[in-house]
């Protein structure tokens, strides 16, 4: 299947944006709490998928949780504690750019967690997620897939492109040799945590644009009827002519020069 062209992608994305806005209005109106987890291969396109959703919505309502490496203090806490702090309140949406599933993925494969810690995590996670769902949180878990050849192509692009170079870390360089190990870790994770109350959904991201559309469509389809009429805001006519900006203490910068 050939890659989706940008113009075709944008044409397909536009109506989904309208549905996302309607979904966010419904979440706010009903006081729902929505959590969407994005996990997957390095370079699969988690950030692009998250931005395709978040860029359409208010940052006051839709928040991205992309947690850094835990601090020394956080390593002594209950494992789920720092993630729980980012769960949404009523009317909010949290998009996790990686999540507590770090323990079943990179921490396991790269040896950052002991086997006993990983085993405990896989046993505790269904219980933790059951608590979230039973409390009314709408939880969606997506794992983004891509073949190793595509992953290598994207790694090379990151290395060569100054605007993407920051995405390539020393951990990524080491992890690229562990593709099969990540596959085994994923399958063990799915076996333990793909539950009726918190199922996983895998999405093919070899074509990132098509993958974003697939993910967003699935997310919207799994929500109930989200139609809520827009707020009755209107713009009455101004009294008099529109005013121009006037400056006293400071003036704006000179416009950016374009030849």
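Numbering (the working numbering), first residue to last: 19 to 277.
Backbone N, C-alpha and C fix where the C-beta goes; we use that ideal spot for every residue, glycine too.
Alpha carbons only, please: which of 57, 160, 125 is nearest the one belonging to residue 237?
Residue mapping note: residue 237 aligns to position 219 of the chain shown, counting from 1. Considering only alpha carbons, the answer is 160.
Looking only at its own chain, which residues have a Cβ that is under 7 Å from the Cβ of residue 126, when we skip the five neighbours before and after it?
The residue given as residue 126 occupies position 108 in the chain shown. Counting only Cβ-Cβ distances below 7 Å, and skipping sequence neighbours, we find 136, 203.
Under the rule that 16 or more other beta-carbon atoms within 10 Å means buried, what is residue 248, buried or exposed?
Indexing the chain shown from 1 puts residue 248 at position 230. So residue 248 counts as exposed.
Please look up how many angstroms separate the CB atoms of residue 168 and residue 224, rounded, as I've assumed it's under 8 Å.
Position 150 of the chain shown, counting from 1, holds the residue named residue 168. Position 206 of the chain shown, counting from 1, holds the residue named residue 224. About 5 Å; that satisfies the 8 Å criterion.
Backbone CA spacing between residue 258 and residue 273 [nearest angstrom]:
For the purposes of this step, residue 258 is taken as residue 240 along the chain shown, with counting starting at 1. For the purposes of this step, residue 273 is taken as residue 255 along the chain shown, with counting starting at 1. Going by the C-alpha atoms only, they are around 29 Å apart.
Which residues mark the beginning and the end of the beta strand (DSSP E) in which residue 83 is found?
The residue given as residue 83 occupies position 65 in the chain shown. Residue 83 -> beta strand (DSSP E) spans 80 to 83.
Below 8 Å, can you find three or more Cβ-Cβ pairs linking the segment 52 to 66 to the segment 261 to 272?
no
Does the distance from the C-beta atom of residue 39 to that of residue 110 stay below 9 Å?
Stepping through the chain shown from its first residue, residue 39 is reached at position 21. Stepping through the chain shown from its first residue, residue 110 is reached at position 92. Contact flag unset, no.
Quick check on the DSSP output: what are the complete alpha helix (DSSP H) runs of length 4 or more inside the segment 111 to 143, in order along the chain?
124 to 127
Using DSSP bridges, identify the partner residues of residue 51.
Numbered from 1 along the chain shown, position 33 holds the residue referred to as residue 51. Beta-bridge pairing links residue 51 to 110, 155.
With DSSP as the reference, please indicate the residues paired to residue 221 in a beta bridge.
In the chain shown, counting from the first residue as 1, residue 221 sits at position 203. 162, per the DSSP bridge assignment.
Given residue 41 as reference, the closest of 252, 217, 244 once Cα atoms are compared:
If you number the chain shown from 1, residue 41 lands on position 23. Nearest of 252, 217, 244 to residue 41, Cα basis: 244.
Is the distance from the Cβ of residue 114 to the Cβ of residue 53 below 9 Å?
Reading the chain shown from its first residue, position 96 is the one you call residue 114. Reading the chain shown from its first residue, position 35 is the one you call residue 53. Taking 9 Å as the Cβ cut-off, residue 114 and residue 53 qualify as a contacting pair.
Restricting to Cα atoms, I'd like to know which of 184, 155, 227, 217 is closest to residue 23.
Here residue 23 is taken as the residue at index 5 of the chain shown, counted from 1. Of the candidates 184, 155, 227, 217, the one whose C-alpha sits nearest the C-alpha of residue 23 is 227.
For residue 170: DSSP bridge partner residues
Working through the chain shown from its first residue, we reach residue 170 at position 152. Partner(s): none; residue 170 has no beta bridge.
Which same chain residues end up closer than 6 Å to residue 27 when comparing Cβ atoms and leaving out the 5 residues on each side of it in sequence?
On the chain shown, position 9 is the one that residue 27 refers to. Contacts found: 227.
Please report how far the alpha carbon of residue 239 lies from the alpha carbon of residue 30, in whole angstroms.
By 1-based counting over the chain shown, the position of residue 239 is 221. By 1-based counting over the chain shown, the position of residue 30 is 12. Going from the Cα of residue 239 to the Cα of residue 30 covers about 16 Å.
For the pair the segment 74 to 87 and the segment 98 to 112, tell me if three or more CB-CB distances fall below 8 Å.
yes
For residue 4, which option in 48, 35, 88, 55 has the closest C-alpha, if you only look at C-alpha atoms?
Any answer about residue 4 is impossible in this case: the structure gives the chain only from 19 up to 277.
Nearest by alpha-carbon distance to residue 47: which of 99, 102, 107 is it?
Translated into the one-based positions of the chain shown, residue 47 becomes position 29. Residue 107 is the option with its Cα nearest to residue 47.
Check the DSSP bridge columns for residue 58 and list the partner residues they point to.
If you number the chain shown from 1, residue 58 lands on position 40. In the DSSP output, where bridge partners are listed per residue, residue 58 has 162.
At the level of alpha carbons, what is the spacing between residue 172 and residue 165?
Translated into positions along the chain shown, residue 172 becomes position 154. Translated into positions along the chain shown, residue 165 becomes position 147. Each residue's alpha carbon lies about 11 Å from the other.
Using the rule of at least 16 other Cβ atoms within 10 Å of the residue's Cβ for burial, across every protein chain shown, is residue 279 buried or exposed?
Since the first residue of the chain shown is 19 and the last is 277, residue 279 is not available in this structure.
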